[in-house]
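Using the UniProt record's numbering, read the sequence shown as starting at 8 and increasing by one per residue.
Where is the CB? At the ideal position from N, CA and C, for every residue including glycine.
Note sheet for the following structure.
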Amino acid sequence: EKFEHILTSSPAPGVALITLNRPKALNALCSPLIVELNKALKVAEEDDAVGAVVVTGSEKAFAAGADIKEMKDKTYDEVFRTNFIESWHRLYTFRKPTIAAISGFALGGGCEIAMMCDLLLASPSAKFGQPEINLGVIPGAGGTQRLTRLVGRSRAMELILTGKTFNAEQAEQWGVVSRVVREGSVVDEAVKVGEEIASKGRLATMAAKEAVNAAYELPLSEGLRLERKLFHSLFATADQKEGMSAFVEKRKPKFAHL
Ligand code: HXC
């Protein structure tokens, strides 16, 4: 399918790359862009060849937020009736591992989209923040919840109440991103991680994602129960037989999709 606001490609075996592509608006996340993103995710979810998805923007902007020009004249009636922003949640419910490759601005909804991904890599140039307070609103796609879980309450309060940005180094220090990589290499690095993830057993990586994300959703005892259930379920898969046999036979595993 041809998209207007995103690009899709397959840069390495098992990896789908989704590039946000509204350069003139610094990848402001208008509703049609989110519709396209969700379509691309559906395709990637249904494609057995895809084991991981990388989401990126441009060098200048991962995404500068929800589209302010589109939101400006919206009324309460409309946003309530249409459940505005609910559709953004699709990225979080996507079942295969997702990696955000972030350069430049990741502000407002851009920061929130990045935080919906399972793993975040940043360029030294990356600039994060939740500046919604400066527009008379608050984050609406998970910023108050995800940023708080990642950086702690006091830091999240300071960031969200003042709207001030934080840089790549701070994002790494606070655990928002897993690594800051060399300038210009963030997409390559993310694709490399995606390729490695895609080379593992598909069901195992999907189960691992579900279990880790459950740590942010469930009380510990329930999370541990879910983990054990998922762990048990993997003994029903060919990949478990193959993975463990390969170890015992001192060879590399050949998982089903390879
Ligand atoms: C619509 C945007 C935009 C946005 C940038 N643009 N961000 N359009 N929505 N969020 C447009 C500008 O209007 C401008 O278009 C063009 O992109 C280039 O932007 P400039 O401002 O000229 O670039 P620069 O001076 O480099 O400044 C970059 C910037 C600034 C610091 C990122 O653009 C900015 O502050 N943007 C808004 C950031 C923000 O507040 N994000 C949160 C949005 S609210 P023209 O046509 O003038 O050339 C939000 C709500 C989330 O995300 C809740 C639900 C998801």
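Gly150 and Val183 have their alpha carbons spaced roughly 12 Å apart. Taking the C-beta atoms as reference points, Phe135 is found nearer than 8 Å to Ala113.
Within the same chain, Cβ atoms closer than 6 Å to the Cβ of Thr244 are found at Leu210, the five residues on either side in sequence being excluded. Taken from the Cβ of Pro39, every heavy atom of ligand 1 lies 7 Å or farther away. Taken from the Cβ of Glu85, every heavy atom of ligand 1 lies 7 Å or farther away. Per DSSP, the unbroken alpha helix (DSSP H) holding Ile41 starts and ends at 38-53. Within the same chain, Met122 come within 6 Å of Arg153 by CB-CB distance, once the 5 residues on both sides are set aside.
For Ala73 and Leu241, the gap between their C-alpha atoms comes out near 39 Å. Of Lys103, Ala70, Trp95, the smallest CA-CA separation from Val42 is found for Trp95. Residue burial is scored here from C-beta neighbours: Ala148 has at least 16 other C-beta atoms within 10 angstroms and is therefore classed as buried. If you check the CB distance, Val200 and Ile120 do not come in under 8 Å. Only residues of its own chain outside the window of five on either side were considered, and among them Ser110, Gly111 have a CB closer than 7 Å to the CB of Glu66, listed in chain order.
Put simply, the backbone Cα of Val61 is about 16 Å away from that of Ala133. For His264, the closest of Arg258, Gly250, Lys257 by C-alpha to C-alpha distance is Gly250. Per DSSP, reduced to three states, the secondary structure at Ser192 is coil, with no helix or strand assignment. In the three-state reduction of the DSSP assignment, Pro30 falls in the helix class, which pools H, G and I. Leaving aside the five residues that flank Pro20 on each side, the residues in its chain whose CB is nearer than 7 Å to its CB run, in chain order, Glu202, Ala205. Between Ala221 and Tyr83, the alpha-carbon positions lie close to 32 Å from each other. Counting only runs of at least 3 residues, the stretch 116-148 fully encloses the following beta strand (DSSP E) elements, listed from N- to C-terminal order: 126-129, 134-136. With at least 16 other beta carbons inside 10 angstroms of its own, Ile167 counts as buried.
In the three-state reduction of the DSSP assignment, Ser110 falls in the coil class, being assigned neither a helical nor a strand state. For Phe238, the uninterrupted alpha helix (DSSP H) segment begins and ends at 227-240.
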